[in-house]
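Chains as they are written, first to last, in my numbering: chain X, 1 to 283; chain C, 284 to 629.
Just so you know, even glycine gets a beta-carbon here, dropped at the ideal spot from N, CA and C.
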Amino acid sequence: MTTAPAKAGWRFRQPSVIPGFGLTLGFSLAYLTLIILIPLSGLIWRSAALGWTDFWAIVTDRRTINALEISFGTAFIAAAVNVVFGTIVAWVLVRYSFPGRRIADAMVDLPFALPTAVAGIALTTLYAPNGWIGSLLTPLGIKVAYTPLGIVIALVFIGLPFVVRTVQPIMEEIDKEVEEVAATLGANRFQIISRVLLPGLAPAIVTGFALAFARGVGEYGSVIFIAGNLPFKSEIAPLLIVIRLEEYNYAAATAIAAIMLALSFVMLLVINLVQTWSRKRYG
Amino acid sequence: MEVRVANVRKEFERFPALRDVSLDIKSGELIALLGPSGSGKTTLLRLIAGLERPTRGKIFFGEEDASQKSIQERNVGFVFQHYALFRHMTVADNIGFGLKVRHGPSRPSAKEIRRRASELLNLVQLSGLEKRYPAQLSGGQRQRVALARAMAIEPAVLLLDEPFGALDAQVRRELRRWLRDIHDATGHTTVFVTHDQEEALELADRVVVMSQGRIEQVGTADEIYDTPNSPFVYGFIGESSSLPVKVEDGQVWIADRPIGLSAPHAPQGEATLFFRPHDVDLVEECNGCIAGTVAASRRVAGTRRVELEIGGERQRVEIELPVDHPAAQKTRVAFRPRRWKLFPAA
């Protein structure tokens, strides 16, 4: 049962006696190269042809920076919202049995399956100033459709399953005895949740956040309908890339894509490192 | 603190897990709940802790009715078989948890909590492991941490649910002795659940034998072993052999022969005779004895266990002989139980 703490430094984990290590490693590398590495290096290659000065000019262009800010900002907010409510949804699905629980459980996956454009159009119809929800919000001075708020709502919709589906299995594994022991030690319900349950779920929640965030940054279909796409206000980076492509300005499109890629990679790497650290600590 | 269980019944979805159980636990006592799976022993422990609510009946801590109190208010220390340590906390944080979640003036300072944790680690012989995480400890060490955590809150009663069940035999024996020492040193009223009779008989001041949601017998190890009060206890505790017999004219009969045991107070009619396989006298000439043909003979550690077929119905019983006893070579062996008990046939 004891697991020795992993030693620092780079080392191959000793493969087991069951054969297949060489084969599967070779396959994985070839597959990742084919599916991820080659297309992405093509992207870098294309933008490198641009030359450093031009690249920098495109990347530091006001419109590009605004689009990046909107993309990463809204994705971050949406992922944060999803962490809170996705965790609650997962909790309800795991902890309680009620009529229709299975249906609710299946519903969580719908944003995965629905064409994103359909989601975007549906949300726009609801939140437009004359839509069902939009018409209720307009008198309060809240404008959702055609603003960054609309983008956030679309991304919340798209990202929910990522949080629920990563947190749910870990939540199911929580030992009831851990809660019971905390109660016998005098902890009230709030203390049990905040001090015992949530810290145990933290790695899964971080993963869910990372997935929802990454998905939000790259999301295109649902956002362009609800965003209004006003440059400097509600224009997301993926849309800007498409605009550049339609102008036959391939270099600019790849430059924006490359910088998005770099930013996403750095953020996901940081999240990954945080996870490795917490896993090492808590086993 | 004294604990009194009064006429408690517990049903799970109409299925009775405990039927009308009453038990008095004295202050400072170390008591074992012993029984097979499904006997209700864990349910009884969880009811005392407040992890379940009784369907009927009450549980008193001292003079106070604890049945109305929440788990948090009961102030019990509970130790689970699989430790249930908080994985994301260090050993010291695990032990200090019960003190940290207190409110207001009853909550000690952070420094005091740290001091308490080290003191308890010292008591459970794990000094110096404050900063470790549970994943870095062995099973035996984890269970000690769990016990230290339960004792940190100065519990009214300490409840252990199969505390050594997940550990291997050697660690188990070691921890058993160690738990006895800790109990003698701290004097907490302690109730532990086990299905291991050796553990119960060796460790506990008193043993509560349970079966099918009822308490069969309560007593010291000697009382339970030497004077079992039901066929179940006779069969469950230690080795036993049984034979269907008949009581007539104050004598015990097998088929049409008296076997030399007189039972003047037993009711007439069918009965079952119980005795311990090692508690028999071999007899040479059989005028009033149990005689049978040797069906099998096995060497078990320091003794030889001989299986005999008795009478026309070839009822099998086991007796134990010294390894070098000549009777083991014979085909026919006669004996008379030294100590025995009759129960009316069910």
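Boundaries (first-last residue) of the alpha helix (DSSP H) holding residue i
i                  : result
Leu-149 of chain X : 148 to 172
Arg-62 of chain X  : 62 to 95
Leu-632 of chain C : Because chain C here runs from 284 to 629, residue 632 of chain C falls outside it and cannot be looked at.
Ser-47 of chain X  : 38 to 48
Gly-311 of chain C : Counting along the chain, Gly-311 of chain C falls outside any alpha helix (DSSP H), and DSSP gives it neither H nor E.
Ala-226 of chain X : Looking at the sequence itself, residue 226 of chain X is Ile, so the reference to Ala does not match. Unbroken alpha helix (DSSP H) run through Ile-226 of chain X: 221 to 227.
Under 8 Å between C-beta atoms of residue i and residue j
i                  : j                  : result
Phe-209 of chain X : Ala-79 of chain X  : yes
Asn-82 of chain X  : Val-156 of chain X : yes
Ile-378 of chain C : Leu-412 of chain C : no
Val-304 of chain C : Leu-327 of chain C : yes
Asp-175 of chain X : Ala-367 of chain C : yes
Thr-338 of chain C : Val-476 of chain C : no
Ala-204 of chain X : Ile-158 of chain X : no
Ile-520 of chain C : Leu-306 of chain C : no
Pro-560 of chain C : Glu-592 of chain C : no
Ile-121 of chain X : Phe-225 of chain X : yes
Ala-202 of chain X : Ser-278 of chain X : yes
Ala-237 of chain X : Ser-47 of chain X  : no
Leu-261 of chain X : Leu-43 of chain X  : yes
Ala-75 of chain X  : Val-217 of chain X : yes
Ser-494 of chain C : Pro-319 of chain C : yes
Gln-426 of chain C : Leu-450 of chain C : yes
Residue i, buried or exposed, once every other Cβ within 10 Å from all chains shown has been counted against 16
i                  : result
His-471 of chain C : buried
Phe-298 of chain C : exposed
Trp-132 of chain X : exposed
Phe-72 of chain X  : buried
Met-107 of chain X : exposed
His-251 of chain C : Residue coverage of chain C in this structure runs from 284 to 629, which leaves residue 251 of chain C outside it and unanswerable.
Gly-381 of chain C : buried
Val-118 of chain X : exposed
Lys-613 of chain C : exposed
Glu-445 of chain C : buried
Arg-336 of chain C : exposed
Tyr-146 of chain X : buried
Val-152 of chain X : buried
Gly-323 of chain C : buried
Phe-162 of chain X : buried
Thr-473 of chain C : buried
Phe-21 of chain X  : exposed
Leu-32 of chain X  : exposed
Asp-376 of chain C : buried
Chain X within 8 Å of residue i, Cβ atoms only
i                  : result
Arg-385 of chain C : yes
Phe-632 of chain C : As shown, chain C starts at 284 and ends at 629. That puts residue 632 of chain C outside it, with no answer to give.
Phe-475 of chain C : no
His-371 of chain C : yes
Phe-295 of chain C : no
Ala-439 of chain C : no
Phe-515 of chain C : no
Ala-431 of chain C : no
Gly-411 of chain C : no
Glu-315 of chain C : Note on identity: in this sequence residue 315 of chain C is Ala, with Glu being the wrong assignment. Not closer than 8 Å to any Cβ of chain X, the Cβ of Ala-315 of chain C fails to qualify, so no.
Ile-436 of chain C : yes
Gly-423 of chain C : no
Ala-452 of chain C : no
Gln-367 of chain C : In the sequence under discussion, the amino acid at residue 367 of chain C is Ala, which differs from the Gln named in the question. Closer than 8 Å to some Cβ of chain X, the Cβ of Ala-367 of chain C qualifies, so yes.
Gly-381 of chain C : yes
Limits of the unbroken beta strand (DSSP E) element including residue i
i                  : result
Phe-618 of chain C : 615 to 620
Gly-131 of chain X : First-last for Gly-131 of chain X: undefined, no H or E at that position.
Thr-555 of chain C : 552 to 558
Ile-520 of chain C : Per DSSP, Ile-520 of chain C belongs to no beta strand (DSSP E) and is neither H nor E.
Arg-292 of chain C : 286 to 295
Pro-111 of chain X : Careful: Pro-111 of chain X lies outside any beta strand (DSSP E), inside the alpha helix (DSSP H) at 110 to 113.
Lys-529 of chain C : 524 to 531
Thr-586 of chain C : 586 to 593
Ala-574 of chain C : 573 to 583
Cutoff 8 Å: residue i Cβ touching any chain C Cβ
i                  : result
Thr-246 of chain X : According to the sequence provided, residue 246 of chain X is Glu. The question's Thr does not apply to it. So no, Glu-246 of chain X is outside the interface.
Val-178 of chain X : yes
Lys-7 of chain X   : With a pLDDT of 49 at Lys-7 of chain X, under the threshold of 50, the predicted position of this residue should be treated as unreliable, and no value is reported.
Asp-109 of chain X : no
Asp-175 of chain X : yes
Asn-272 of chain X : no
Interface residues of the stretch 181 to 199 of chain X facing chain C [CB-CB below 8 Å]
Listed by position along the chain: Val-181, Ala-182, Ala-183, Thr-184, Leu-185, Gly-186, Ala-187, Asn-188, Gln-191, Arg-195, Val-196 and Pro-199.
What are the residues in the stretch 341 to 364 of chain C lying within 9 Å of chain X by C-beta distance?
Taking 9 Å as the Cβ-Cβ cut-off, the stretch 341 to 364 of chain C approaches chain X at Ser-353, Ile-354, Gln-355, Glu-356, Arg-357, Asn-358, Val-359, Gly-360, Phe-361, Val-362, Phe-363 and Gln-364, given in chain order.
By the 7 Å beta-carbon criterion, what residues does the stretch 571 to 597 of chain C contribute toward chain X?
Answer in chain order: no residues at all.
Any C-beta of chain X within less than 8 Å: which residues of the stretch 325 to 336 of chain C qualify?
Residues Ala-332, Gly-333 and Leu-334.
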